[in-house]
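**Student:** For the sequence shown, full-length UniProt numbering assigns the number 1 to the initial residue and increments by one for each residue that follows. C-beta atoms are modelled at their ideal positions from N, C-alpha and C, and glycine is treated no differently.
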Amino acid sequence: MAGVTSLNLVRDELFATMAEAEQNLEHFIAERQNGSLLQQAVGNLQQVRGTLKLIELTGAELLAQEILRLGMDVPVDAGPERDDQLTALSGALHVLRSYLEGLDVHRQEIPELLLPAINDLRRSVGQPALPASFFFSVRLDQARPPRDVAAVDPRARQAQARLLRHMYQLGLVGFLRDDNHQPGLKLMARALARFDNLFGHEPRGRLCWVGAGAAEAMLDGQLRPRESTRKLFSRIDRELKLLLGNEGYEVPRHVLKEMLYLIALADSSGPRATELRQVFNLSPLPFTDHMLEEGYQRLAGPGQAVMRSLSTAIREELSAVQDLLDLIGRGTAQHDSFAMLHSQLAKLTKTLGMVGLISAANALQEQLSQVATWSNEQPAAAPALERLAETLLYVESMVASLDRSRRRAPTAAASTGSDTSFMLHQLNEARIVVSDEAQSGLALSKRAIVAYLESGGEKLHLANVPHSLQAVRGGLWFLGYERAARLVGSCGDFIQWRMLESERMPAEPLLETLADALTSLEYFLEDGGRLHGEPRDDVLDLAERSVQALGLPVAC
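#1: Does DSSP put TRP374 in a helix, in a strand, or in coil?
#2: DSSP on GLY248, reduced to helix/strand/coil?
#3: Going by beta-carbon coordinates alone, are THR51 and THR5 separated by less than 9 Å?
#4: When the Cα of GLU275 is compared with those of LEU242, ALA214, LYS231 and ILE328, which residue comes out closest?
#5: May I have the straight-line CA-CA distance separating GLU109 from LEU103, to the nearest angstrom?
#6: Since SER228 and PRO111 should fall inside the 8 Å C-beta cutoff, what is the C-beta to C-beta distance between them, to a whole number of angstroms?
#7: If you run the structure through DSSP and keep just helix, strand and coil, what is HIS181?
#8: Using the rule of at least 16 other Cβ atoms within 10 Å of the residue's Cβ for burial, across every protein chain shown, is LYS186 buried or exposed?
#9: Taking the C-alpha atoms as reference points, what is the distance between ALA21 and HIS27?
#10: Exposed or buried, VAL251, counting other C-beta atoms within 10 Å across all chains shown (16 or more means buried)?
#11: In the DSSP assignment, the alpha helix (DSSP H) including TYR481 goes from what residue to what residue?
#12: Considering Cα atoms alone, identify which of HIS342, ILE263 and ARG230 is closest to THR373.
#13: Excluding the five sequence neighbours on either side, which residues of its own chain have a C-beta within less than 6 Å of the C-beta of ARG408, listed in chain order?
#14: Suppose contacts are defined by Cβ-Cβ distances below 9 Å. Is GLY441 in contact with PRO466 by that definition?
#15: Can you name, in chain order, every residue of its own chain whose Cβ lies under 7 Å from the Cβ of HIS181, other than the five neighbours on each side?
#16: Answer yes or no: do GLY71 and LEU25 have a C-beta to C-beta separation smaller than 9 Å?
#17: Leaving aside the five residues before and after PHE233 along the sequence, list all residues of the same chain whose C-beta is less than 7 Å from its C-beta, in chain order.
#18: Please determine, among ARG230, TYR99, ALA78 and ASP77, the residue with the shortest C-alpha to C-alpha distance to ALA64.
#19: Please report the residue range of the alpha helix (DSSP H) in which SER546 lies.
#20: Nearest by alpha-carbon distance to HIS290: which of LEU345, LEU223 and ILE263 is it?
#21: Is there contact here, the segment 495-510 with the segment 470-485, by at least three beta-carbon pairs under 8 Å?
#22: For LEU240, which residues of its own chain have a beta-carbon under 6 Å away from its beta-carbon, when the five flanking residues on both sides are left out?
#23: Which residue wins for smallest C-alpha separation from LEU282, given the options PRO271, GLU293, LEU292 and ASP267?
#24: At the level of alpha carbons, what is the spacing between ALA313 and LEU453?
#25: Are VAL42 and LEU96 close, meaning C-beta to C-beta below 9 Å?
#26: If you measure between the beta carbons of LEU121 and ALA88, is that distance less than 9 Å?
#27: Starting from LYS53, trace the alpha helix (DSSP H) in both directions and tell me its first and last residue.
#28: Cutting at 7 Å between CB atoms, please list the residues of its own chain near VAL125, excluding the five before and the five after it.
#29: Considering GLN142, what are the terminal residues of the alpha helix (DSSP H) in which it resides?
#30: When the Cβ atoms of the segment 134-146 are set against those of the segment 510-522, are three or more pairs found closer than 8 Å?
#31: According to the Cβ coordinates, are GLN158 and ARG194 closer than 9 Å?
#32: Hey, quick one: how far does the alpha helix (DSSP H) through TRP497 stretch, first residue to last?
#33: In terms of residue numbering, what span does the alpha helix (DSSP H) encompassing ASN119 cover?
#34: Taking buried to mean at least 16 other C-beta atoms within 10 Å of its own C-beta, is GLN297 buried or exposed?
#35: For LEU9, collect the residues of the same chain with a Cβ closer than 7 Å to its Cβ; drop the 5 residues on either side in sequence, then sort them by chain order.
Encoded structure:
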C-alpha cells in the first residue's frame, strides 16, 4: 500500500510528464527526422521511471523500464521497419497510464496485470518473456510428508508410466487446441495423479506431486488457459520424459514455482492442492483469476467474450419479438402491437445481417412484407402466425451458433433451406442431450468405483453401475461411436464379473486401470466428437489398452 498511498503525492506531476512523453512520441512518429523529439520523449520516460521507483510501484516501474529500454533502442530517422516498435511504445504508455489511473481509483496494486504489456515490449527487443509467477514469492525447499506407496514391479511401472505419459499428451493436445479446455485438462490431471501414485515416494516424483495439484487446482478454480499456462503444461510433458529416463531427476525451480503459483491463484479445495498449500504455506493471493481477466480487459481493450455478449443481446431482442407474437396470437395485443412487431423484426433483421447470420436475416426479411399488412382491422391469419413462429425458431437455432464452440460457421446454412437447417439443429440438440447423459453415466460409474474402493469392497455401491454403463453403451451406438460403445461394454462386463459376482475384491492397480479406461472414454465424449468430425482413434486406442490390461476382450 506504500506505493499506492505515495502516488497521490506525485500524481499531477507524474501524469503531466507521461502526457508530455506521449505527445513527443506522437510528434516524432510524424516527423522522424526530428531527433530532439525522440530525445525529449526518452527524457520524459527516464523521469517517469525514476518517480515510480521512488514511490515503490514495482510493476509500474518495471513496465516504465521496458518502455525506456525500447525508446532508447529506436534510432533517429527510424524507417517503416520500426513501426511495430513505435506502436508497442504508444500502446505500453497507454497501458501504464490506465494502470496508474486504476490505482488512483481502486487503491489496489496488482503488478501481474502489467505482465502482458511488459512481455510484449521484451519480445520486441528479443528478450525472453517473464513468467506469470514473476511477482510471486514462495519457499521451494519444503519436504513432502511421508506416505505409504504399494510396491510395483519396476518393469510394470515403467510400462504403466509410458501409458500415462501418452494419456497426458492426449489431454495436452486437446488443452492446447480446443476452445473448451476442460476435457483435456481432466485427462492431464488424471495422468499426473497416477504418475504421483507411481513416483510420489521418490525425490523425482516431486514434479508429479505438484503438477497433479496444479492441474487439480486449475480445474477446481476454473482458471482460464492463458498462454503462460499452456507453455507450463507443455513444459511438464518434456519434464516427464526426463523423469522417466533419470532416477536422479530434479524438477527445475522455475517450473515448480509456476505450478505453485497456479495453486495459490486458484485457492482450490481439492485434496492435493490443499496439501500443497499447507506444505508450502501458500496464502490466498489478493486477487482472483476473474479479477485478472477484468483487469486485462480494462487495460488492453475488449475481451474475447464479445460474441457471447452479442448472442445474449440478440436473444433478448428475439425473446421480446416472441412475447409480442404470443400476445397477438392470443388476441390480447395492444393497438400499436402490430407496428411494434414490424419495427422489432426490421431491427432484428438488420442485426442478424451485420453479424453474418445471412440465412436467418433472409428468412425474417421474407416475413416483413407480410407483417406490414397486419393491423387490428386486418389481423393475421393463423397459418401466417405459425409460419412466423417457425421462422423465429429457426432464427433462434442460428443465434445459438454464435457462442457454441466448434460448430460449423453459421453462414454455411445459407445454402440450405430454413426447414432443413432447423431439423439439423434439432438433431444436434438431441445428440448433445445423449452425449451429456453418456458423460454423466461415466462420471457416476467412476464415483461408484471410488466409493467401492474406499469402503473396502462394499458391492452396494456398484449395484446400478452395469445398468448405467449399458445405457451409456446404447447412447454411444446412437451417436455412431460403435468402437467406444464396445469399450464401455467391456468395462461393464469387468464390473459385473470381477467386482459384483466375484468373492474377492480386485487389486487396486486393476481398479485404477478401469478408472483410466472410463476417464479416456469420458474425454472422448467431451472432446473427440460431440457434434462433428471423425472419432478420435488415438483416445480410443488409449482406452482399449486399458481395457486389455484388465484381461478382457473388447465386447462386441
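**Tutor:** On the basis of the data shown:
#1: As a working mapping, residue 374 is identified with position 374 in the sequence shown. Three-state result, TRP374: coil.
#2: Within the sequence shown, the letter at position 248 stands for residue 248. Coil, per DSSP.
#3: Taking the first residue of the sequence shown as position 1, residue 51 is located at position 51. Taking the first residue of the sequence shown as position 1, residue 5 is located at position 5. No, the Cβ-Cβ distance between THR51 and THR5 is not below 9 Å.
#4: Taking the first residue of the sequence shown as 1, we reach residue 275 at position 275. When only C-alpha atoms are compared, the closest one is ALA214.
#5: To locate residue 109, count along the sequence shown from 1; it is residue 109. To locate residue 103, count along the sequence shown from 1; it is residue 103. Distance between the alpha carbons of GLU109 and LEU103 is about 6 Å.
#6: By 1-based counting over the sequence shown, the position of residue 228 is 228. By 1-based counting over the sequence shown, the position of residue 111 is 111. The Cβ separation is near 15 Å, so there is no contact.
#7: Translated into the one-based positions of the sequence shown, residue 181 becomes position 181. HIS181 falls in the coil class under three-state DSSP.
#8: The count along the sequence shown starts at 1 and reaches residue 186 at position 186. Result: buried.
#9: As a first step, residue 21 is located in the sequence shown; it is residue number 21 there, counting from the start. As a first step, residue 27 is located in the sequence shown; it is residue number 27 there, counting from the start. Their Cα atoms are separated by approximately 10 Å.
#10: The sequence position of residue 251 within the sequence shown is 251, counting from 1. VAL251 should be labelled buried.
#11: Position 481 of the sequence shown, counted from the start, is the residue given in the question as residue 481. Counting along the chain, TYR481 falls outside any alpha helix (DSSP H), and DSSP gives it neither H nor E.
#12: The sequence position of residue 373 within the sequence shown is 373, counting from 1. If we check each option's Cα against that of THR373, HIS342 comes out closest.
#13: As a first step, residue 408 must be located in the sequence shown, where it is residue number 408. Caution is warranted here: a pLDDT of 36 is assigned to ARG408, below 50, making its placement in the model unreliable, and the coordinate value is therefore given only provisionally. Counting only Cβ-Cβ distances below 6 Å, and skipping sequence neighbours, we find nothing.
#14: By 1-based counting over the sequence shown, the position of residue 441 is 441. By 1-based counting over the sequence shown, the position of residue 466 is 466. For GLY441 and PRO466, no; Cβs fall outside 9 Å.
#15: To locate residue 181, count along the sequence shown from 1; it is residue 181. Once the five neighbours on either side are set aside, the close Cβ partners of HIS181 are PHE175 and PRO225.
#16: Residue mapping note: residue 71 aligns to position 71 of the sequence shown, counting from 1. Residue mapping note: residue 25 aligns to position 25 of the sequence shown, counting from 1. Yes, the Cβ-Cβ distance between GLY71 and LEU25 is below 9 Å.
#17: Here residue 233 refers to the residue found at position 233 of the sequence shown. So the qualifying residues of the chain are LEU172, PHE175 and MET188.
#18: Translated into positions along the sequence shown, residue 64 becomes position 64. Looking at the Cα atoms, TYR99 is the closest of the given residues.
#19: Here residue 546 corresponds to residue number 546 of the sequence shown, with the count starting at 1. That run of the alpha helix (DSSP H) goes 537-549.
#20: For this step, residue 290 is matched to residue 290 along the sequence shown. Comparing Cα-Cα distances from HIS290 to each of LEU345, LEU223 and ILE263, the minimum goes to LEU223.
#21: no
#22: Residue mapping note: residue 240 aligns to position 240 of the sequence shown, counting from 1. Result list for LEU240: ARG165, in chain order.
#23: Numbered from its first residue, the sequence shown carries residue 282 at position 282. Answer by Cα proximity: ASP267.
#24: For the purposes of this step, residue 313 is identified with residue 313 of the sequence shown, where counting begins at 1. For the purposes of this step, residue 453 is identified with residue 453 of the sequence shown, where counting begins at 1. Roughly 49 Å between the two C-alpha positions.
#25: The count along the sequence shown starts at 1 and reaches residue 42 at position 42. The count along the sequence shown starts at 1 and reaches residue 96 at position 96. The answer is no: Cβ separation not under 9 Å.
#26: Counting from one through the sequence shown, the residue named residue 121 turns up at place 121. Counting from one through the sequence shown, the residue named residue 88 turns up at place 88. Closer than 9 Å, so yes.
#27: Here residue 53 is taken as the residue at index 53 of the sequence shown, counted from 1. LYS53 -> alpha helix (DSSP H) spans 35-54.
#28: On the sequence shown, residue 125 is found 125 positions in, with the first residue counted as 1. Answer for VAL125: ARG69, LEU70 and ASP73, listed in chain order.
#29: Locating residue 142 in the sequence shown gives position 142, where the first residue counts as 1. Unbroken run through GLN142: none, as it is neither H nor E.
#30: no
#31: As a first step, residue 158 is located in the sequence shown; it is residue number 158 there, counting from the start. As a first step, residue 194 is located in the sequence shown; it is residue number 194 there, counting from the start. Going by C-beta atoms, GLN158 is not nearer than 9 Å to ARG194.
#32: Walking along the sequence shown from the start, residue 497 turns up at place 497. First-last for TRP497: undefined, no H or E at that position.
#33: For the purposes of this step, residue 119 is taken as the residue at position 119 of the sequence shown. That run of the alpha helix (DSSP H) goes 115-124.
#34: Within the sequence shown, the letter at position 297 stands for residue 297. That one is exposed.
#35: Reading the sequence shown from its first residue, position 9 is the one you call residue 9. So the list is empty, once near-sequence residues are dropped.
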